[in-house]
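Note that the sequence shown covers residues 2 to 196 in the working numbering. See structure below.
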Amino acid sequence: AFDGKPLFHVRLLRTELSAYLLLEVHHILADGESVMVLLPEIDRAYGGEVLEEEAYTAFDLALDEADARRTGALAKAKAYYDSVFQGVSVDSLPAPDVFDRESSLRNLRLPLGLKPESLQELCKQQQITENAFFTGTFGLLLARFAGMDEAVFTTIYNGRTDPRTFEMAGMLVKTLPVYAAAAPEKSVTDYLREL
């Protein structure tokens with residue numbers, strides 16, 4: 002239990018027409034990616050398949066991460082991020098909105114007309130991931146909105162970098178600090194690759 006409350010609830014709701022499985026899981030146990038793992042497993046179990054136990058569990062991963070901290074991997078990662086953020090003192094928090102609440106300028110929607118296939122091709126040509134493209138776009142937007150050439154922010158990722166974790170249920174989400182140096186003299190290609 003967490004704060005005296007159960008970490009998950011499972012209920013089966015039957016109606017005249019169907020049966021529904023209701024599953025509520027505390028975020029400390031499972032992230033959103035886990036839903037994509039659990040639901041097909043539940044479907045297979047209902048279909049009569051015998052499910053295999055995970056060979057490598059979230060608990061095993063936690064033990065491995067604890068071991069990595071003791072072997073110097075944490076110090077190495079800290080040194081890397083210290084080098085990335087050395088001398089960076091950017092305040093990327095957006096300034097308060099200067100427009101009143103009734104202004105139509107508060108929300109801006111800009112249709113780009115960019116087709117998914119075109120974006121995939123662009124990323125392939127530039128040798129970057131789509132994630133890097135969108136993260137870089139956000140960093141550039143944040144920097145320009147603040148009137149600066151750089152931005153600092155955090156993003157999250159699913160924490161599934163080891164193939165043994167791809168089909169794992171657990172809370173694997175990691176927070177990633179990002180430094181986006183978007184100087185005007187730098188090409189967009191260089192900026193995105195650097196990021």
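Note that CB positions come from ideal geometry on N, CA and C, so glycine has one too.
Local conformation of residue i per DSSP, three classes
| i | result |
| --- | --- |
| S105 | In this predicted model, S105 has a pLDDT of only 48, less than 50, meaning its place in the structure is not dependable; the value taken from the coordinates is given anyway. The answer is coil: DSSP assigns S105 none of H, G, I, E or B. |
| F134 | helix |
| E183 | The sequence shown places Ala at residue 183, not Glu. Residue state, collapsed to three classes: coil. |
| T156 | strand |
| K6 | strand |
| L177 | strand |
| E151 | strand |
| V189 | helix |
| E195 | helix |
| G140 | helix |
| E122 | helix |
| A170 | coil |
| Q128 | coil |
| R161 | coil |
| V91 | coil |
Nearest-angstrom Cβ-Cβ length linking residue i and residue j, presumed shorter than 8 Å
| i | j | result |
| --- | --- | --- |
| L193 | F135 | L193 to F135, Cβ: 10 Å. No contact. |
| T176 | I157 | 6 Å |
| A183 | A144 | 5 Å |
| Y180 | V38 | Incorrect: roughly 32 Å between the Cβ atoms, too far for contact. |
Limits of the unbroken alpha helix (DSSP H) element including residue i
| i | result |
| --- | --- |
| K116 | Counting along the chain, K116 falls outside any alpha helix (DSSP H), and DSSP gives it neither H nor E. |
When the Cβ atoms of the segment 13-23 are set against those of the segment 148-168, are three or more pairs found closer than 8 Å?
no
Ordered list of beta strand (DSSP E) runs contained in the segment 9-83, each at least 3 residues:
9-15, 20-26
I'd like to know if the segment 26-39 and the segment 171-187 are in contact, where contact means that at least 3 CB-CB pairs between them fall below 8 Å.
yes
With a cut-off of 8 Å, do at least 3 Cβ pairs link the segment 136-156 to the segment 180-192?
yes
Under 8 Å, with one C-beta from each stretch per pair, do the segment 139-159 and the segment 56-66 reach the 3-pair mark?
no
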